[in-house]
Amino acid sequence: MIIEAAQFLTILATGLFFLCFVFSIFFNVNDVNIIKLISRIYSHSFFLFLSSFLIYVWLAINDNFSVLYIAQHSNTNLPVFYKISSIWSAHEGSMFLWIIFLSLWGAIYNFSVHNNEPLKARTVGVISITTVGFLLFLLLTSNPFETILPLPPENGADINPVLQDPLLAIHPPTLYLGYVGFVIAFGQAIAFLIEGNSSINWEKQVRFWSIIAWSFLTLGITLGSWWAYYELGWGGYWFWDPVENVALMPWLAATAFIHSLSASSKSSILRIWTILLSILVFSLSLFGAFIVRSGIIDSVHSFANDPERGLYLLAFIGILVMTSLILFSYRFTILISNKRIVSLSKESFISINNIFFGTLIFSTMLGVMYPLIYEFIYDQKISVGAPFYNAIFVPITLLACLFLLFSIESKWQSKLKFAFLNNPLIISFVFSLFITFLSFKFYSVSRAWTLASLFIGSLIISRYILVIYAYIFQRKFVNIYSVLAHLGLGLLIISIALNNDFSSERAMNIKINETETYKNHEITFNNLQLTEGPNYESVKADFIIENKNGNKFSLNPEKRKYFVRGQITTETAIHASLLKDIYLTIGDQLDDGSWIVNVQFNYFIRWIWFSATLMIISGLFLARSLNRVQS
Amino acid sequence: MKPVRKKRLQTVLLILASSALGSFFIIRALDSNLDFFYTPSEIFLEEIPENKRIKIGGMVLENSVIREKTKISFIVSDYQGSINVEFDGIVPDLFKEGSGVVVLGYLKDKTIIAEEVLAKHDENYMPPSIDIEK
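Chains A and B supply the protein sequences, listed in that same order.
Per my numbering, the very first residue in the first sequence carries number 610; after that it's consecutive.
Per my numbering, the very first residue in the second sequence carries number 93; after that it's consecutive.
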């Protein structure tokens, strides 16, 4: 009964969201009473929908296995935390969460933006219709409320053990918050186009929301990358898997978007770009949902293959994008700015980098779709591996960084003048050259791309440090959060390059009480024991690692066997330090009693997380500062 | 030509030329980095250069796994053809005889020298799909 009630609430909410949309289109949205009405209907339908979700969470916590989805993905033995996170461990439930977040963003927007803001009613309308599209998808093709009646199973089928991890419980929610957060920017852009009044500065209103969404997206991707690093046992943090790529594309577009936003919120010169990018970001987010949920591409992350779902999503995205683009071309004339982009101005560098971002997005899209196209034409299975992406991303990113450096020097709407003496750029140029030379000479960094990345990374870092110096000691006005985020970029480039250059691994064959040496470290296999967790049994190895300075520590990699599904997983053991992680995984036992053990030295991996964290935190602070300016 | 027209023509040509050049490099990078997928019965039908990375998929043949220290060798079969694979390192948890596997590596002397071994969960696994669990 309660299940039907929850489902009914969702259906009711769908109807009300649709009503919001209809009102926003057909009624006079300049009438304050109408705006109030739309705003109220939205809030009410959000609360109906939210209650429906909360009931669902309650059902999951209480092991209500008459719900098919819960029976398939949860289990009485699971801790409550995982009973909740099991909701988003597969397609139906995660779609449910996705829509909750979509409407949540709408609700926060609706709640916090004043009713007399010019675009509010229409923005809420656009968010509503997007929500309706997804809600219909949920109810028609992927209903989480489906029941097994009259005889529910005694126990559920459990969630996949590799997903039983605290980080993976929070990775999807943050990622989704990022993906769907761009609905506000999208909604405002469409509302702006419908309104057709070029004097409204929608960019200024939308910056806050977009930067928050960007921060969540970055956080979601970083968490996923971190999880993959310690859980999968491969020691890498990025695999160019199709599903990672479909998260990267909206991220790239979003990054280009927030940069264009900052340009066009000052003058409307880059408005065309900005509108297009807002549509692109949201479409790419939806495209990601399509790729993951249609099963069209083989990947670790994809859900089961279902053409019906894929077709629905494709049609939905198609309609959304087509409508937006038609509207865009219809209003094209009001978007054209009568000012021209001054060459060598900040706008010009942002435009150039937009082209680079576009190239990266295009290449990633090509890499994702090419296997499908190729198979269709030549009937031959292929896959596009990391080398392709590296060949594109490394040079283009470095090139884009050079333009970033020029843009630090430049000003809005005026030509960059080089003052060669006492120019901070010269100082950081010399400094970076010095650093690169030192690494080449004394730290045996010899690969050309590593050196190039090191040089450009140091350029960015040192240049921004000079900016920070000027900010603190010479009271120069700068957007300090943006500076810190770009500092993160510089660090990220260096850490990725060094990680790639220095990291190494070796598989070894070792018996209990034996010692092996790898790169000045003595690795002793101390002991092996059988232990039991709440829902698994495990073989836990104890290794003592001693480095050349005599420092000792122990590492305990595990192999677990989960009771319910009988699945075996490998738990890595990691010893983290400032420069490197020592990363241990155990494999199989051989007939002579020895074990295969894989040792990896992963350099600068913590720096990668740190760089990303710096970007995320700077993003959040930047959003906060914007919000203060607004109100 | 009038100066304005000339300038516009130049702009158009510049944009066309640079997009063509960009696309050329992207496509070239793509073409030289494709991993072709073969089944064991297809693999000897054509010449595959030693430096070309390929993927093969099939079943790990029963009783074919030989371990020697950290090295492992096994035969991948699709019941019509088979090929020997050598790998140094830890094979995934789901790797076992009689179940599906995907190998990424180079062909040398009728043997695949593997860079990566991925195992497939499903018992009814048949080559082309590559749902990976490592």
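Glycine included, every Cβ here is placed at the ideal spot set by N, Cα and C.
Asked: Listed in chain order, which residues of the region 161 to 195 of chain B have Cβ atoms closer than 9 Å to some Cβ of chain A?; Found: Lys161, Thr162, Lys163, Ile164, Asp180, Gly181, Ile182, Val183, Pro184, Asp185, Leu186, Phe187
Asked: Mind reading off the beta-carbon distance from Lys188 (chain B) to Val152 (chain B)? Whole number of angstroms is fine, and I expect it under 8 Å.; Found: 7 Å
Asked: Kindly indicate which residue of A:Leu1199, A:Ser683, A:Ile693, A:Phe720 has the alpha-carbon position closest to the one of Phe656 (chain A).; Found: A:Phe720
Asked: Could you spell out the range, first to last residue, of the alpha helix (DSSP H) harbouring Thr1244 (chain A)?; Found: No answer is possible for residue 1244 (chain A): it lies beyond the span of chain A, which begins at 610 and ends at 1240.
Asked: Since Leu199 (chain B) and Ala206 (chain B) are thought to touch, with beta carbons under 8 Å apart, how far apart are those beta carbons, to the nearest angstrom?; Found: Not quite, the Cβ-Cβ distance comes to about 11 Å (not below 8 Å), so this is no contact.
Asked: Quick check on the burial criterion: 16 or more other C-beta atoms within 10 angstroms. Buried or exposed for Ala230 (chain B)?; Found: Any question about residue 230 (chain B) goes unanswered here, given that chain B covers just 93 to 226.
Asked: Could you give the first and the last residue of the continuous beta strand (DSSP E) run that contains Gln797 (chain A)?; Found: Segment 792 to 804 is the alpha helix (DSSP H) holding Gln797 (chain A); no beta strand (DSSP E) there.
Asked: Of the residues A:Leu1193, A:Phe817, A:Pro761, which one's Cα is nearest the Cα of Phe1230 (chain A)?; Found: A:Phe817
Asked: Would you identify the three-state DSSP class for Lys1168 (chain A), choosing helix, strand or coil?; Found: strand
Asked: Ser1163 (chain A) to Asn1122 (chain A), Cα distance in whole Å?; Found: 14 Å
Asked: Which residues does DSSP list as the beta-bridge partners of Ala1178 (chain A)?; Found: With the sequence shown as reference, residue 1178 (chain A) is identified as Thr, and Ala is not the correct amino acid for it. In the DSSP output, where bridge partners are listed per residue, Thr1178 (chain A) has A:Arg1169.
Asked: Return no unless some Cβ of chain A is closer than 8 Å to the Cβ of Asp127 (chain B).; Found: yes
Asked: Considering only their Cβ atoms, is the gap separating Val1092 (chain A) from Tyr1073 (chain A) smaller than 8 Å?; Found: yes
Asked: Would Thr831 (chain A) count as contacting chain B if we go by Cβ distances under 8 Å?; Found: no
Asked: Taking Lys94 (chain B) as the query, report the chain A residues whose CB atoms sit under 9 Å from its CB, ordered along the chain.; Found: Result: empty, since nearest Cβ-Cβ is about 20 Å, beyond 9 Å.
Asked: Taking Arg1115 (chain A) as the reference, give the member of A:Ile799, A:Ile1191, A:Lys645 with the closest Cα.; Found: A:Ile1191
Asked: Any idea what DSSP makes of Met610 (chain A), helix, strand or coil?; Found: coil
Asked: Tell me where the beta strand (DSSP E) around Arg159 (chain B) begins and ends.; Found: 158 to 160
Asked: Inspect the beta-carbon positions of Ala856 (chain A) and Ile820 (chain A) and report whether they are closer than 8 Å.; Found: no
Asked: Say whether chain B places a C-beta atom closer than 8 Å to the C-beta of Leu879 (chain A).; Found: no
Asked: Would you call the CB atoms of Leu1063 (chain A) and Leu1223 (chain A) closer than 8 Å?; Found: no
Asked: Got a sec, what are the start and stop residues for the alpha helix (DSSP H) Gln1209 (chain A) sits in?; Found: No alpha helix (DSSP H) holds Gln1209 (chain A); the beta strand (DSSP E) holding it covers 1204 to 1212.
Asked: Taking Gly114 (chain B) as the query, report the chain A residues whose CB atoms sit under 8 Å from its CB, ordered along the chain.; Found: Thr968
Asked: Identify, in the order they occur along the chain, each residue of the same chain with its Cβ nearer than 7 Å to the Cβ of Gly1202 (chain A), setting aside the five sequence neighbours on each side.; Found: Lys1120
Asked: Going along chain A in order, which residues have a C-beta closer than 8 Å to the C-beta of Gly118 (chain B)?; Found: The sequence shown places Ile at residue 118 (chain B), not Gly. Simply Thr968, Phe971, Ser972, Leu975, Ile1001.
Asked: Residues in its own chain within less than 6 Å of Phe166 (chain B) by CB, not counting five upstream and five downstream?; Found: Val152, Ser156, Val157, Val177
Asked: Is there contact here, the region 123 to 136 of chain B with the region 172 to 186 of chain B, by at least three beta-carbon pairs under 8 Å?; Found: yes
Asked: Below 8 Å between beta carbons is the criterion; list the residues of the region 982 to 1009 of chain A that meet it against any residue of chain B, in chain order.; Found: Tyr983, Gln989, Lys990, Ile991, Ser992, Val993, Gly994, Pro996, Phe997, Ala1000, Ile1001
Asked: Can you give me the C-alpha to C-alpha distance between Ala552 (chain A) and Thr623 (chain A), rounded to a whole angstrom?; Found: The question about residue 552 (chain A) has no answer, for chain A in this structure spans 610 to 1240.
Asked: Closer than 7 Å by beta-carbon distance: list the chain A residues that pair up with Arg159 (chain B), in chain order.; Found: Leu1199
Asked: Taking Thr1241 (chain A) as the query, report the chain B residues whose CB atoms sit under 8 Å from its CB, ordered along the chain.; Found: What the structure shows of chain A is the stretch from 610 to 1240, and residue 1241 (chain A) is not part of that stretch, so it cannot be assessed.
Asked: Pick out whichever of A:Pro851, A:Thr1194, A:Pro781, A:His1130 has its Cα sitting closest to the Cα of Leu573 (chain A).; Found: Since the displayed chain A opens at 610 and closes at 1240, residue 573 (chain A) lies outside it and no answer follows.
Asked: When DSSP labels each residue in this structure, what does Lys94 (chain B) get in the three-state scheme?; Found: coil
Asked: In terms of residue numbering, what span does the beta strand (DSSP E) encompassing Val666 (chain A) cover?; Found: Element bounds for Val666 (chain A): not the beta strand (DSSP E) but the alpha helix (DSSP H), 641 to 670.
Asked: Exposed or buried, which one is Leu760 (chain A) when buried takes at least 16 other CB atoms within 10 Å?; Found: exposed
Asked: Would the C-beta of Ser1227 (chain A) count as close to the ligand NAD, meaning under 7 Å from any of its heavy atoms?; Found: This structure lacks the ligand NAD, and indeed carries no ligand of any kind.
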